[in-house]
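If you're matching them up, the sequences are chains A and B in order. Each number in the working numbering corresponds to the 1-based position in the first sequence with 165 added. Each number in the working numbering corresponds to the 1-based position in the second sequence with 165 added. Note that CB positions come from ideal geometry on N, CA and C, so glycine has one too. These notes are about the structure you will find just below.
Protein chains: 2
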Amino acid sequence: MATVKDVAKLAGVGSGTVSRYISGTGSVSRKSAEKIARAIEQLNYRPNSMARSLSSRRSDLIGVWVPSLEGPYYHMMIRTIESALRLQGKHMILANAEDAQSNDDRLAHLDYLINRDCDGILISSSLQSEFELARYAEKFPNLVVINHRTDELAGRSFSIDHDLGGRLAARHLVELGHRRVATITGRLSAQDARQRHVAFLDEMAKLGHPLAPERIIEGAFSYAGGESAVAALLASGADCSAVFCGNDKVAMVLIAELHKRGIRVPDEVSVLGYDDVDFTPFTAPALSTIHAPIEEMSQSACHQLLNLTYGFDLPYRERFEPSLSVRQSTGPCRP
Amino acid sequence: MATVKDVAKLAGVGSGTVSRYISGTGSVSRKSAEKIARAIEQLNYRPNSMARSLSSRRSDLIGVWVPSLEGPYYHMMIRTIESALRLQGKHMILANAEDAQSNDDRLAHLDYLINRDCDGILISSSLQSEFELARYAEKFPNLVVINHRTDELAGRSFSIDHDLGGRLAARHLVELGHRRVATITGRLSAQDARQRHVAFLDEMAKLGHPLAPERIIEGAFSYAGGESAVAALLASGADCSAVFCGNDKVAMVLIAELHKRGIRVPDEVSVLGYDDVDFTPFTAPALSTIHAPIEEMSQSACHQLLNLTYGFDLPYRERFEPSLSVRQSTGPCRP
DNA sequence: GTCAAAAATGGAACCGATCCCACTTTTGGA
DNA sequence: TCCAAAAGTGGGATCGGTTCCATTTTTGAC
């Protein structure tokens, strides 16, 4: 493989000039540029990325930490991030903490990224306590958090107003006439799950229809968690005309289970999801849900991370608003 | 940040000894090891991965090329690969060619990986012609292909017997008594889609029930492609009691559309999918499908790539067999 | 035509590991 | 106790870029 020196020699210039030509920084005369271009072509030269990284102290690697890769939510995120980074010539490396057993284990996954000398790190937070995140953020300036708002990370945390999302859910169901409403939440130790849940309960109460405790099931945002939560809800015998699910995966599981039992959606029970992932138009019936702008949020987080890390000036926003997306799984309450 | 030299000086040994201690290759006396361990601890030393890569000519980076990241199929693959690589201390970088407009564009995505000096490359082939793959494989020895069988890449291509898969599908439907059968395929320029389709048609014919041409719709393996194919099938007025879909996403779309039209699955129409992705238990009704061991195949491909690249000796297989997974979306034909 | 400012240049030093090699020390069998 | 083989060692060369700086060349206003 050819090196800068080979190129420099063939082009009849110094190695510094070649380097300047390639990076586009500094000035190179037209004549030199042409000679260098020809030499590069002729030698089929490609810069060695490791040497470049070592000497420039930039790896052009962005680490992405996710608590799980199950289901479309994280996939939409990953997909958006990969695309945004590729557009800027950066590379993503991934750490999926799904198999982590303990909190230390989860942090070890972060170290797996940090030890790789990532220029910046994106964390899709959920169960990480704010304290831990802040601690890491301190020793790692180019760190940005998706879907988690915290004051310690002003300008570096990107989030959706899940409080509003929870309220939108409540209003939608109440407007449809539902009074006997149940909910299946995600794990309430996760900020995003808790926020929408608390707001949902609060808004239901405000609207005059507080939820009975037996109609509140704490589940988890996974298919398996959804299954057991759905089983728990249906086993409880809690009679209800509508269920608000903390995310779309759980809503999908619920619809499947209701179908199995011959309970019609939305005629007998309305089901409302949260997130608006890619499959929502294709459940049967199509899922009504709270649209969370996951992709926009992910892209913003990515942009700001690139800004912080490389001094880019890409557009971004820190806060996003969910909106109601009505499809066929919710309908008027029929007593 | 501390360097090997700092560690060597503090420990009172040479830099070579420190290097040997860290990499675990070569021999280091117990006494030196202890001193080095203490120095590392004291200085909080972490090896610089770029310097390490440059001098060892190993990036510990594995590139993964996928034609798309939509839907659970690729996600299951990515998830499996990330995990297998992390277990061996390697890192994955991803190139999603979803946004590629032309074939050159798709190859540019491969270059994006190669220019990063990946030690090895995993390609999830589909539309790439065998010729192009082989061409790249030639100049890049540590390249392995998932879900594509080709003689040029003996020992480096991992695949599922989609011929068998297609036949299993045909047999299942015929055994249930279906005679008026339709099929929605993926893009037939993709090997995996074509194989299962051709075998399906062939087996149906062998069993005495060849498909009428108007009951064959060429679609694509995306939600959008599924939607238009489903629309085309239903618009054609082709009367059928069962539909074999080239993958689960399309089957999901079909179930949703049938639900919308009030057509009961499987009572009026049976729907059979392919792949057995993570959501299949949770469609309504739960999707009968051909189980393709995607995760096992991905892991094998990963293992063999690691073997080729780093001389590991991880277990792997090149060929996998699909199996029938009956759930609730297929049932006996009721005339 | 003059001259200061700006542009362009070559090459050495450096980034922080690995790896090789010549050398020293330890080991254990006779 | 001796000695060959094995184990352990230190440090310099090397990987292939970037970056800095002193120096040369070009530019353009007067």
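The bridge partners DSSP lists for F409(B) are T348(B) and L437(B). According to the DSSP assignment, E392(B) belongs to the alpha helix (DSSP H) that extends over Y388 to A400.
Going by DSSP, V339(B) is part of the alpha helix (DSSP H) stretching over H327 to E340. Cβ neighbours of S387(A) within its own chain (closer than 8 Å, five residues either side excluded): S233, E235, G236 and K414. Within the same chain, and ignoring the five residues on either side of R314(A) in sequence, the residues whose Cβ sits closer than 7 Å to its Cβ are S322 and S324.
Distance from the CA atom of P446(B) to the CA atom of T454(B), rounded to whole angstroms, is 10 Å.
Per DSSP, reduced to three states, the secondary structure at A355(A) is coil, with no helix or strand assignment.
Under the three-state reduction of DSSP, R484(A) is assigned to strand. A distance of 8 Å or more separates the beta carbons of I227(A) and L398(A). Residue nearest to M242(B) within the set A260(B), H456(B), S463(B) and S184(B) is S463(B) (criterion: CA-CA distance). Residues of the stretch 368 to 388 of chain B with a C-beta less than 7 Å from any C-beta of chain A: Y388, listed in chain order. Remark: three or more beta-carbon pairs, one from each stretch, lie closer than 8 Å, so the stretch 376 to 390 of chain A and the stretch 346 to 363 of chain A are flagged as touching. The C-beta of E486(B) comes no closer than 8 Å to any C-beta of chain A.
Approximately 5 Å separates the beta-carbon atoms of L452(A) and G438(A); this is inside 8 Å, confirming the contact. Remark: C-beta atoms of R482(A) and S465(A) approach each other more closely than 8 Å.
R217(A) is classed as buried because its beta carbon has at least 16 other beta carbons within 10 Å across all chains shown.
Under the 10 Å beta carbon count, T190(A) is surrounded by fewer than 16 other beta carbons and is classified as exposed. Using a CB distance cut-off of 8 Å, A302(A) does not count as an interface residue toward chain B. Between the alpha carbons of S180(A) and Y186(A) lies a gap of roughly 10 Å. For M462(B), the enclosing alpha helix (DSSP H) stretches over residues I459 to Y475. Contact between the stretch 257 to 272 of chain A and the stretch 199 to 218 of chain A is not established, with fewer than three Cβ pairs separated by less than 8 Å. One finds M215, A216 and L219 in chain B with Cβ atoms closer than 7 Å to the Cβ of L219(A), taken in chain order. Those residues of the stretch 243 to 254 of chain B placed with their C-beta closer than 9 Å to a C-beta in chain A are I243, R244, E247, S248, R251 and G254, ordered along the chain. Residue-level contact by beta carbon holds for L234(B) and chain A, with a gap shorter than 8 Å.
Taking 9 Å as the upper bound on Cβ-Cβ separation, chain B lies near residues K425 and V430 of the stretch 425 to 438 of chain A. Per DSSP, H256(A) lies in no alpha helix (DSSP H) segment; the continuous beta strand (DSSP E) that holds it begins and ends at H256 to N261. For the stretch 443 to 469 of chain A, the set of positions with a beta-carbon nearer than 8 Å to some beta-carbon of chain B reads D443, F444, P446, F447, T448, A449, P450 and A451 in chain order. In the DSSP annotation of this structure, T245(B) is not part of any beta strand (DSSP E); the continuous alpha helix (DSSP H) holding it starts and ends at P237 to L252.
Contact annotation: E368(A) and R336(A) have beta-carbon atoms nearer than 8 Å.
According to DSSP, G285(B) shares a beta bridge with I227(B). Along the stretch 188 to 211 of chain B, the positions whose C-beta sits under 9 Å from a C-beta of chain A are R211, read in chain order.
Residues of the stretch 270 to 286 of chain B with a C-beta atom less than 7 Å from some C-beta of chain A are Y277, N280, R281 and D282, listed in chain order. Taking the beta carbon of V491(B) as reference, no residue of chain A falls within 8 Å; the closest one sits roughly 15 Å away. For I381(A), the beta-bridge partners assigned by DSSP are T348(A).
Secondary structure note for H274(A): its alpha helix (DSSP H) is the uninterrupted segment N268 to I279. Using a C-beta cut-off of 8 Å, the stretch 168 to 177 of chain A makes contact with the stretch 197 to 215 of chain A, since at least three inter-stretch Cβ pairs fall below that distance.
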